[in-house]
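Last residue of the sequence shown: 1345 (the numbering used here), numbering continuous.
We put the CB at the ideal spot given by N, CA and C, even for glycine.
Below is one structure, written out as structure tokens, with a few remarks after it.
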Amino acid sequence: MRRGRLALVLSATAYVVVLGWSALVLPDRVPSHFDATGRTDDWTSRTTMVAFWAVMGLLVLVAMPALTRLAAAGDGTWVNMPQRSKDYWFEPERRAEFRVRFGDDLDGFAALTGVLMTALLALTTWVATTARDGAPWWAFAGLTGAYVVATAVWTVRLLRRYRPPATA
């Protein structure tokens, strides 16, 4: 199994476990929004919260990889990359390798996003089940900051990985 797909499977598994745990332990009234300091400033029902996170999981962990494969299967119209890279990778002799690489790389990104969602869901569940008035101020900032840094690293890696050779 390729690395991106393995990461996606592990991330999705963790997400399903945390979503199941949340569905079992969340109280009837659940925090649904936090302000910049981490304090809860909006509430919703357990059913709405679990349904929201279930739909988000399906969109990110199932639909995103499926759409990636669909976009890469065509002529490149739906793939956003520098034109020189697109011209190189969508040559008939390289398309099959591109589809495998691109699918795996986007599976990795879906997995990264799944890790963020799992952490946010776990944090929200922790706040709800401990009757706190919010999360530590640094929790959401730290998770979001780590995700932004990881996304930037992933993007730079992708730009290098799909750069055509100088001789092309």
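Query                                                                                                                                                                     : Result
Taking DSSP's pairing of strands, which residues face GLY1311 in a bridge?                                                                                                : ARG1216
What's the gap between the Cα of THR1221 and the Cα of VAL1207?                                                                                                           : 5 Å
Looking only at its chain, what residues have a beta carbon closer than 8 Å to the beta carbon of LEU1187, apart from the 5 residues adjacent to it on each side?         : ALA1288
Which same chain residues end up closer than 6 Å to ASP1219 when comparing Cβ atoms and leaving out the 5 residues on each side of it in sequence?                        : SER1209 and HIS1210
Say whether the stretch 1225–1237 touches the stretch 1189–1198, bearing in mind that this needs 3 or more beta-carbon pairs closer than 8 Å, one atom from each stretch. : yes
Examine the ligand MN and report whether any of its heavy atoms sits within less than 7 Å of the Cβ of ALA1296.                                                           : No copy of the ligand MN appears in this structure; indeed no ligand is present at all.
Quick one: measure Cβ to Cβ for GLY1291 and ALA1189, integer angstroms, because I've assumed they're closer than 8 Å.                                                     : 6 Å
Between the Cα of ASP1205 and those of THR1214, TRP1315 and THR1225, spot the shortest distance and give me the residue it belongs to.                                    : THR1225
Are the Cβ atoms of PHE1267 and ASP1252 separated by less than 8 Å?                                                                                                       : yes
Please go through the stretch 1236–1279 and give each complete alpha helix (DSSP H) segment of 4 or more residues, from N-terminal end onward.                            : 1241–1250 and 1260–1266
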